[in-house]
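Following: one structure in structure tokens, then a few remarks.
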Amino acid sequence: MKPTSLTQHARVVKTCKRLLVAALLLMGCYPAAHAQELAVKTNALQWIQTTPNAAIEYAFAPRWTAELAAGFNLWSFGQNRKFKHVLIRPEARFWLWEPFNGHFFNAAPEFAVYNIGGTKLHPFALMFPNSDKHRYEGVFYGISVGYGYNWMLSPRWSLEAEIGFGYRYARYRSYDCVTCGRPLYPGAPVQSKHWFGPTRLALSVVFMIR
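If you're matching positions, the sequence shown starts at 15 in our numbering and goes up one per residue.
What follows is the structure, encoded as structure tokens:
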């Protein structure tokens, strides 16, 4: 894979956003007879990290669902601490009992653009253990598998917990401080790394559309 500029990555993110909006609109156009197979959700743990996020999930078979999730963080905090990113995550799930109830296993590819530095309090801290001292800017692609459980609280509301592990391939440029753009290496070359570890921790509130 040849190095690509951050402008190109921004174009990819813009395209992903458009695809996400289109998918949400298409799913929302299903007739009422199929509405019990559709849910929207949000991960409360990401909101605690000031990361707005949402997902939509559709049951397409007796024990299978497909989900499309996205989250973003676009802010800088005190002392230029940041974990700016846009993350797109499609997912397939197999339910042991029935969709939206009980145990499930999943597999999910993922794509993210990020600009992080000045803190370790972000979802990518395990990938970049020196992010409190340096700044990293780039993209990653990955795939993960996971397990979760959905507790039905009422006909429309449920609570869902999920954990995932997987692989990520990251491409990035690194900088030796978090408040300037001085490259960590001369010429600011594009670096890469392969990483295995936890990729997902979620406690989601789920609303069934009827």
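Cβ coordinates follow ideal geometry from the N, Cα and C atoms, glycine included.
Looking at GLN60, GLN63, ALA73, the one whose alpha-carbon comes closest to that of MET222 is ALA73. Counting the other Cβ atoms within 10 Å of the Cβ of LEU52 gives 16 or more, which makes it buried. Going by C-alpha positions, GLU81 is about 42 Å away from PRO200. Between ALA106 and ALA83, the beta carbon gap of about 12 Å keeps them out of contact (Cβ cut-off 8 Å). Inter-residue distance for LEU110 and VAL219 is about 20 Å (C-alpha atoms, whole angstroms). For ASN164, the secondary structure class from DSSP, reduced to helix, strand or coil, is strand.
Annotation for TRP209: the continuous beta strand (DSSP E) segment containing it runs 205-223.
Ranked by Cα distance from SER145, the options ASN115, TRP89, LYS96, PRO212 are led by LYS96.
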